[in-house]
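Okay, structure first, notes after.
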Amino acid sequence: MKLNKRDQQLLEGEMGAAPQMAMRILVQLGEVLGANEMMDVEQVHVDGCIYESEAHLDFAEKLAALGAHVILPTSLNATSLDLHNWQAWGVNTRWATKAQRMANAYLAMGCTPTWTCAPYQTAFAPRFGQQIAWAESNAIVFANSVVGARTNRYGDFTDICAALTGRVPKTGLHLSENRRGELVFELVGIPPELFENDAFYPVFGHYLGIHTRDKIPVIVGLPPDTPQDGLKALGAGAASSGSVALFHAVGVTPEAPTLKAALGGNAAERIQVTLAELNDARADLSSAQGAQLDAVVLGSPHFSLQECLRLAQVIEGQRVNPAVEFIVTTNRMVSEALKARGVLPVLVQAGVRLCEDTCILLSPMLRPAIRIIMTNSAKYAYYTPSLLERRVVFGSLRDCVASAVTGRVVLDESIWTTS
Amino acid sequence: MANGEFIETRRLDEMPRIQGEPLIAGCAEGEALFTNEPLSFWGGYNARKGTIIDTHHELCGRRAAGHVLVLPGARGSSTGSGILLEAIRLGNAPAAIILKRRDAILGLGAIVGRELYGKILPLVIVSEQDFDLLRKASRIRIDEAGVIVYEQEIFQERS
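Heads up: the protein sequence lines correspond to chains A and B, in order. Take the first sequence: its position 296, counted from the start at 1, is 296 in the numbering used here, and no numbers get skipped. In the numbering used here, each number is its position in the second sequence, counted from 1, plus 1000.
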């Protein structure tokens, strides 16, 4: 690998032991990826701040002990705790202490405590064409696809290494020639009302992840005014059931004004997606049948202000059944905005609990009695059976609210049929 | 798994060799565990038990610790690197991983495993054809140079 003078100095430890270790890891990663040189990035989103294991903590504390300090604007992913309120969620103290040590290590390195998996809906949103190093699969796919920024699928460790050195291997989705579409999915005969339903996007994302494999998909047939939160749910679903890091939606996303532009000369297979395929994907997201319901969990990825306002609109004046726990995970920027707008009391009075900074996939905060959970997130539906050993019913936001209020699963199937 | 009558096990040193490209060079030997489905290590691999736990995956429930895992690549969350690292720390990682494509998530877990704990998890990439040959392998050995030899149980079709 060709290294410039600064890369060499970093590797030789002239800028300190922490950037040296970071650079050593990045250069090895470059070799694994087959890169010929390194390149600059301007911004980093770190997901290694989650207390997933002792190994994660060892790594963070080793860097912090070496005096590491970031040289780029660096946002932090959802962490492992509702940092201010973890006691209220019944998280055990020993585990919480570890999670706080983890958070503290990254704060000591100068990262910004955004604590969100949706940094693209904060002041840290990147710009079109900007070279960045982002971790967290849903954030990666959003930054690449919806914003048109450029990142590879960074993960634990590389994210902070990039923030300490400003460098990454020059490869993959950082380069224009690797961003062209390779496989076309054409939506055919979808009832127009379905595009207005929040549940369409995660279901289609789940389908896309399964059928795309390692290619870059191009979607034909999404409405030009597809909401940002729809694209967010689509990407999160596709990055869970598959490894999608970039998709193009013709007439919707910035690198796809036309199908021709999205493909950039690639000859691509065309696959038609009808309501039948979507219904199969929807069925695949539900791991529980029947009416039993213990909890509703929304906000994977973190609910945006718009999504919270929509929830408030749907749930206002109703009351969640006492047998059902209703949790919305979001970040503190959103909860502050809800307070400022006077919307938070609407949610609280309806029986909704806001959970900040974290993710219910990461934090041991569900009561053991909770066995069946309903959600409108494909990502949450995908990971919950293995990570939390609970079963899930997938439904729209309206389904989730109606079910929480009545205390049993209610699904409106009519939106999934042709009238 | 196989139909038919067991005939013999061909020993490792009698078998043809595959030249892979070592991403993380190292020696390893173990029982083969093959899949053609990518795996997300986050939510898919239990580092404390060394087993595959992704309920959507064909190898769900299988122990991978100590095995040579033959896998097209990783999938899903980038937190997979850390899960692999934790498995390396606990001694519950596969003995080696053979991949069809370059993989940053698994590569990184192995790089940091060497950096932090001095433990080596060899990662090797092989061509599409060689990958398919390993489908029938029962035991696999890898050396520093990325040379792969494998043992295969030979069955005779029942008529």
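Cβ coordinates follow ideal geometry from the N, Cα and C atoms, glycine included.
At a beta-carbon threshold of 8 angstroms, the residues of chain B lying near A:MET21 are GLU1115, ordered along the chain. Between the alpha carbons of A:ALA60 and B:ILE1105 lies a distance of about 18 angstroms.
Under a criterion of Cβ atoms nearer than 7 angstroms, the residues of chain A adjacent to B:ALA1047 are, in order, SER53.
The DSSP-derived three-state label of B:ILE1148 is strand. Chain-order list of chain B residues neighbouring A:PRO385: THR1055, by C-beta distance under 7 angstroms. Secondary structure of A:GLY342 (DSSP, three-state): coil. For the pair A:GLY34 and B:ARG1102, the CB atoms are nearer than the 8 angstroms cut-off. Around A:THR406, the same chain offers ASN321 as residues with beta carbons nearer than 8 angstroms, after the five sequence neighbours per side are excluded. Residues of chain B with a Cβ closer than 8 angstroms to the Cβ of A:LEU33 are, in chain order, ARG1102, ALA1104, GLY1107. In terms of CA proximity to B:ILE1097, B:GLU1021 leads the group B:GLU1021, B:GLY1061, B:GLU1115. If you check the CB distance, B:ALA1028 and B:VAL1068 come in under 8 angstroms. B:GLU1058 sits exposed, since fewer than 16 C-beta atoms from the chains shown fall within 10 Å of its C-beta.
Remark: C-beta atoms of A:HIS248 and A:ALA262 approach each other more closely than 8 angstroms. Considering only beta carbons, the part of the region 61-72 of chain A lying closer than 8 angstroms to chain B consists of LYS62, in chain order. A Cβ of chain A is located within less than 8 angstroms of the beta carbon of B:GLY1080. Against chain B, the CB of A:ARG24 has a partner CB under 8 angstroms away; the residue lies at that interface. Taken in chain order, the complete alpha helix (DSSP H) segments of 4 residues or longer contained in the region 3-34 of chain A are 5-11, 17-33. Our two residues, B:GLU1037 and A:GLU182, have alpha carbons roughly 20 angstroms apart in a direct line. DSSP places A:PRO368 outside any alpha helix (DSSP H), giving it a letter other than H or E.
Straight-line spacing of the CA atoms in A:ALA18 and A:ALA162 works out to 12 angstroms. In its chain, beyond the 5 residues on either side, TYR51, LEU57 have a beta carbon closer than 7 angstroms to the beta carbon of A:LYS98.
Ranked by Cα distance from A:ARG367, the first of A:ALA378, A:ARG94, A:LEU388, A:PRO254 is A:LEU388. Here A:ALA64 is not near A:THR79, since their CB atoms are 8 angstroms or more apart. Annotation note: the region 96-159 of chain A contains the following uninterrupted alpha helix (DSSP H) runs of length 4 or greater, listed N- to C-terminal: 137-142.
Apart from the 5 residues on each side of it in sequence, A:GLY67 sits with its Cβ closer than 7 angstroms to the Cβ of GLY16, ALA18 in its chain, given in chain order. Per DSSP, B:ILE1105 is one residue of the alpha helix (DSSP H) stretching across 1104-1117. Residue contact check for A:ASN152 against chain B: a CB pair falls below 8 angstroms.
In this structure, B:SER1138 sits away from B:ALA1064, with a CB-CB distance that is not shorter than 8 angstroms. The three-state reading of DSSP puts B:TYR1045 in strand, counting E and B together. With its beta carbon at least 8 angstroms from every one in chain A, B:ILE1142 lies outside the interface. Using a Cβ distance threshold of 8 angstroms, A:ALA55 and A:LEU164 do not count as a contacting pair. Closest option to B:LEU1121, judged by alpha-carbon separation, among B:HIS1056, B:GLU1005, B:ILE1142, B:GLU1014: B:ILE1142.
Judged by their CB atoms, A:PRO202 and A:ALA239 are not nearer to each other than the 8 angstroms cut-off. A direct Cα-Cα distance of roughly 22 angstroms separates B:PHE1041 from B:ILE1140. Residue-level contact by beta carbon fails for A:ILE373 and chain B, as no gap is shorter than 8 angstroms. With respect to the 8 angstroms criterion, A:ARG341 and A:ARG371 are not classified as neighbours on the basis of their beta carbons.
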